[in-house]
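Residue numbers (our numbering): 23 to 238. The next block holds one structure in the form of structure tokens; read it before the comments.
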């Protein structure tokens, strides 16, 4: 039986319109996906709070070896924000007698912060324990304001945890994140290391959400 091609004929105008519509839809999807991906990264960076004179700058332990956190803390110290820099972080896995806090001390001294202006706690194995230790110090020493320093990709979680733990304490907490080299949160999915930071932060945020974000 002969095939009647007229039965299957589709107007060229319809084909063009469908192709154009599909192209526009695909473009919108790609733009939206790019916006979502970018937002997932940039949301993690709380940016610097308005910084007022503080009692101490608290450097959260566990940063990368290039010392971006310590560099930021040294910058704040030189600007006169606070007379004291506190380092946190307990034992380093696989390193005998080494602590993250002690490593931070060395990096701060190399950046010109006098040893007498550094208080090393050698305590803390997480953002939560760092915050609890900082609150204990603040109460013991009568502090009313501290500035916390961590890497930008960690700053959202750190701010949420510190705000929750310091709530009602009478101690103001401000954030002054460091920007590590080669970390671009706006294009985090293009770099393996940055992608690891971002994904791990969201996993940890999900774990902490019921306790530190959603009121119980």
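Positions of the beta carbon are idealized from the N, C-alpha and C atoms, including for glycine.
Assign residue i to one of three DSSP states: helix, strand, or coil.
i           : result
residue 103 : coil
residue 199 : coil
residue 136 : coil
residue 222 : helix
residue 109 : strand
residue 194 : strand
residue 240 : For residue 240 there is no data in the structure shown, the boundaries of the chain being 23 and 238.
residue 58  : helix
residue 204 : coil
residue 141 : strand
residue 216 : helix
residue 158 : helix
residue 167 : strand
Note down the Cα distance separating residue i from residue j, rounded to an integer number of angstroms.
i           : j           : result
residue 122 : residue 115 : 10 Å
residue 220 : residue 58  : 13 Å
residue 195 : residue 167 : 6 Å
residue 208 : residue 165 : 36 Å
residue 108 : residue 75  : 15 Å
residue 139 : residue 104 : 10 Å
residue 125 : residue 67  : 24 Å
residue 162 : residue 155 : 11 Å
residue 218 : residue 63  : 11 Å
residue 146 : residue 81  : 12 Å
residue 227 : residue 101 : 32 Å
residue 70  : residue 118 : 35 Å
residue 203 : residue 197 : 19 Å
Using only CA atoms, which one of the options lies nearest to residue i?
i           : options            : result
residue 181 : 218, 231, 139, 213 : 231
residue 144 : 178, 113, 69       : 113
residue 186 : 149, 134, 60       : 149
residue 173 : 152, 214, 92, 127  : 92
residue 225 : 120, 175, 134      : 175
residue 190 : 203, 157, 152, 72  : 157
residue 22  : 128, 98, 72        : An answer regarding residue 22 cannot be provided, because it is not within the stretch 23 to 238 covered by the chain.
residue 130 : 72, 213, 183, 98   : 98
Going along the chain, which residues of its own chain have a beta-carbon closer than 6 Å to the beta-carbon of residue i, five neighbours each way excluded?
i           : result
residue 216 : 205, 210
residue 94  : 171, 200
With a threshold of 16 other CB atoms inside 10 Å of the CB of residue i, please say whether the residue is buried or exposed.
i           : result
residue 87  : exposed
residue 178 : buried
residue 222 : exposed
residue 233 : exposed
residue 136 : exposed
Go through its chain and collect everything with a Cβ distance to residue i's Cβ below 7 Å, but skip five positions before and after it.
i           : result
residue 237 : For residue 237, the predicted structure reports a pLDDT of 47, less than 50, and the residue's modelled location is therefore unreliable. A value from the coordinates is still provided. Taken in chain order, the list of residues that qualify is empty.
Who are the near neighbours of residue i in its chain, counting only those whose CB is closer than 8 Å to its CB and skipping five residues on each side?
i           : result
residue 106 : 77, 78, 79, 139, 140, 141
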